[in-house]
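Trainee:
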Amino acid sequence: MHQMTLAEIARGLADKKFSSEELTKVLLARITQLDPQLNSFISLTEELALEQAKAADTRRANGESGALLGAPIAHKDLFCTQGIRTSCGSKMLDNFKAPYDATVVAKLAAAGAVTLGKTNMDEFAMGSANESSWYGAVKNPWNLEHVPGGSSGGSAAAVAARLLPAATATDTGGSIRQPAAFTNLTGLKPTYGRVSRWGMIAYASSLDQGGPLARTAEDCAILLQGMAGFDQNDSTSIDEPVPDYSASLNTSLQGLRIGVPKEYFSAGLDPRIAELIQNSIKELQKLGAVIKEISLPNMQHAIPAYYVIAPAEASSNLSRFDGVRFGHRCENPENLIDLYKRSRGEGFGPEVQRRIMVGAYALSAGYYDAYYLKAQKIRRLVKNDFMAAFNEVDIILGPTTPNPAWKLGAKNSDPVAAYLEDVYTITANLAGLPGLSMPAGFVDGLPVGVQLLAPYFQEGRLLNVAHQYQLNTDWHTRTPTGF
Ligand code: GLN
């Protein structure tokens, strides 16, 4: 039962082959049995799950239908869940029970999805290995000595290990696509503004975007359908109609123009990954796509720009965690300044503290022009590169990451080494574009992802290309041994 995708579950529930309650019990038992190896959950919500599953079964019995009605999922632990701990992977919020549901959580619950729990993540979504979580590192089910990617590593490891079919995640610089690549999943970062950020704890507000992590493009379409849409509580949410994503999955790729940036195949890329990407290109050519070499000349400036902008926004967003209103408060403060200093010093881990300091520095008088403003100008150049490219092609294709999942601890002493691994993903966040990662093969038994980027609001195009690819390949069906 645990092998089923969301689409298969929807069919099984509609055909009354099993109930949501039965399925939920099977998956909860599986999580209890197997998750100790992975550490992919911060909180399990068994009671809520069984209550929601029973309610979904009743709704179905009363004639309601819907692909998410009774479907078990989990939320990355930065989506606020009313009355349930929402920790953001941080000691700072270990005692925080959100007073309301994030829009994404409320929308999925209304569609009948069943919440099994809250998944582990890098602290405040800062990281690419899920090692900065206060709740401990998450292990990659493909090799327990390797990282699952981050920051949505808990969602990725849980779905890859078949503990559940799909989960929510967020992507500020790659945190949906990179863990998808590292764990053999399909993950979609939507266009900025497509999915509401209300109740999604902010890291870098101009870059953060929620989206689905699942095993197939078909399932990403189902989950995105439940997440997307205008929300008047989020001023950056965009009031565009949401298309029927599942209906966009059956378009032929005949004549589809795929751009392959020459800058993607530079020295930093593992040649074995380069070969798998070439294989995926050949596969898409067989399906009728036309390949064109393109150039994204400003790509090399994207990492330094991102690692100014994201920490700058984080330093501002995280100033609200002051020991007064939310979360951790130190014992016996001597005065207000002592309360601030010790609460923040004790509540935040080293990576979060590093980013707050970098960001505050970049925003300070005298450095603002040199760093923050310059980074914003680079951001515009990166966007312009994409706009020029999308005049010539429909999709941009390349590797999701330059290397496969590294060993736990391998980059702990050198944060910049980890930052450099974001080279292919962060440009989409800087430009606000949608991007998808899908399974493309294995290197030393570790999964490799191919990334597709599309113009604004073309999530349907991304999902269709991935679905056509998945109809003709079987990488996405491979299961890690032991799960
Ligand atoms: N690795 C990037 C960072 O650490 C991206 C994280 C994310 O997308 N949340 O900022």
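Under the numbering used here, the first residue of the sequence shown carries the number 287, and numbering increases by one thereafter.
In this text, a Cβ means the ideal position worked out from N, Cα and C, and glycines have one as well.
Please read these numbers as outputs of a predicted model, since none were measured by experiment.
Quick one: using the 10 Å Cβ neighbour count with 16 as the cut-off for buried, is residue 519 buried or exposed?
Mentor: exposed
Trainee: Could you spell out where the beta strand (DSSP E) holding residue 452 opens and where it closes?
Mentor: Note, residue 452: beta strand (DSSP E), 452 to 456.
Trainee: Between 292, 715, 740, which has its C-alpha nearest residue 502's C-alpha?
Mentor: 292
Trainee: Would you check whether ligand 1 has a heavy atom nearer than 6 Å to the C-beta of residue 700?
Mentor: no
Trainee: Closer than 7 Å by C-beta to residue 649: which residues in its own chain qualify, once you throw out the five before and the five after it? Chain order, please.
Mentor: 598, 601, 658
Trainee: What is the C-beta distance between residue 356 and residue 335, in whole angstroms, given that I count them as a contact (C-beta under 8 Å)?
Mentor: Residue 356 to residue 335, Cβ: 11 Å. No contact.
Trainee: Does the Cβ of residue 596 lie closer than 6 Å to at least one heavy atom of ligand 1?
Mentor: yes
Trainee: Is the beta carbon of residue 458 within less than 6 Å of some heavy atom of ligand 1?
Mentor: yes
Trainee: Flag residue 645 as yes when its Cβ comes closer than 6 Å to any non-hydrogen atom of ligand 1, and as no otherwise.
Mentor: Result no, Cβ not under 6 Å from ligand 1.
Trainee: For a minimum of 3 consecutive residues, which ranges assigned as the beta strand (DSSP E) are wholly contained in the segment 301 to 374?
Mentor: 327 to 330, 358 to 362
Trainee: At the level of alpha carbons, what is the spacing between residue 301 and residue 452?
Mentor: 21 Å
Trainee: For residue 546, which residues from the same chain have a beta carbon less than 8 Å from its beta carbon, with the 5 sequence-adjacent residues on both sides left out?
Mentor: 567, 577, 578, 579, 580, 682, 683, 684
Trainee: Can you pull the DSSP bridge partners for residue 543?
Mentor: Beta-bridge annotation (DSSP): residue 543 is paired with 576.
Trainee: With C-beta atoms as the reference, is residue 740 less than 7 Å away from residue 720?
Mentor: yes
Trainee: Is it true that the segment 399 to 406 meets the segment 320 to 330, where meeting means three or more beta-carbon pairs spaced less than 8 Å apart?
Mentor: yes
Trainee: Considering just the uninterrupted stretch of the alpha helix (DSSP H) at residue 601, what are its terminal residues?
Mentor: 588 to 603
Trainee: Using only the alpha-carbon positions, how far apart do residue 645 and residue 734 sit?
Mentor: Taking the straight line joining both Cα atoms gives about 32 Å.
Trainee: Buried or exposed: residue 523, going by 16 or more other Cβ atoms within 10 Å of its Cβ?
Mentor: buried
Trainee: Please confirm whether any heavy atom of ligand 1 lies closer than 6 Å to the CB of residue 708.
Mentor: yes
Trainee: What does the alpha-carbon distance come out to for the pair residue 604 and residue 596?
Mentor: 12 Å
Trainee: Are the CB atoms of residue 714 and residue 669 within a distance shorter than 7 Å?
Mentor: no
Trainee: Could you check whether the Cβ of residue 583 sits closer than 7 Å to any Cβ belonging to chain B?
Mentor: In the structure shown, chain B cannot be found, because there is only a single protein chain.
Trainee: Could you tell me if the beta carbon of residue 411 falls within a distance shorter than 6 Å of some heavy atom in ligand 1?
Mentor: Between ligand 1 and the CB of residue 411, the shortest heavy atom gap is smaller than 6 Å.
Trainee: Just checking, does the segment 421 to 431 make contact with the segment 481 to 497 on the three C-beta pairs under 8 Å criterion?
Mentor: no
Trainee: Does at least one heavy atom of ligand 1 sit under 6 Å from the Cβ of residue 437?
Mentor: yes
Trainee: Taking 6 Å as the cut-off, is the C-beta of residue 461 nearer than that to any heavy atom in ligand 1?
Mentor: Flag set: Cβ of residue 461 near ligand 1.
Trainee: Rounding to the nearest angstrom, what Cα-Cα distance links residue 655 and residue 515 in this structure?
Mentor: Going by the C-alpha atoms only, they are around 36 Å apart.
Trainee: Does residue 682 come out as helix, strand or coil in the three-state DSSP assignment?
Mentor: strand
Trainee: Report yes if the CB atom of residue 459 is closer than 7 Å to the CB atom of residue 466, and no otherwise.
Mentor: In this structure, residue 466 does not lie closer than 7 Å to residue 459 by Cβ.
Trainee: At a cut-off of 6 Å, would you count residue 414 as near ligand 1, judging by its Cβ distance to the nearest heavy atom?
Mentor: yes
Trainee: Count the other C-beta atoms from every protein chain shown that fall within 10 angstroms of the C-beta of residue 572, then say buried if there are 16 or more, exposed otherwise.
Mentor: exposed
Trainee: Can you look up residue 751 in the DSSP assignment and give me helix, strand or coil?
Mentor: Residue 751 falls in the helix class under three-state DSSP.
Trainee: Can you look up residue 696 in the DSSP assignment and give me helix, strand or coil?
Mentor: coil
Trainee: In angstroms, rounded to a whole number, what distance separates the CA positions of residue 332 and residue 512?
Mentor: 22 Å
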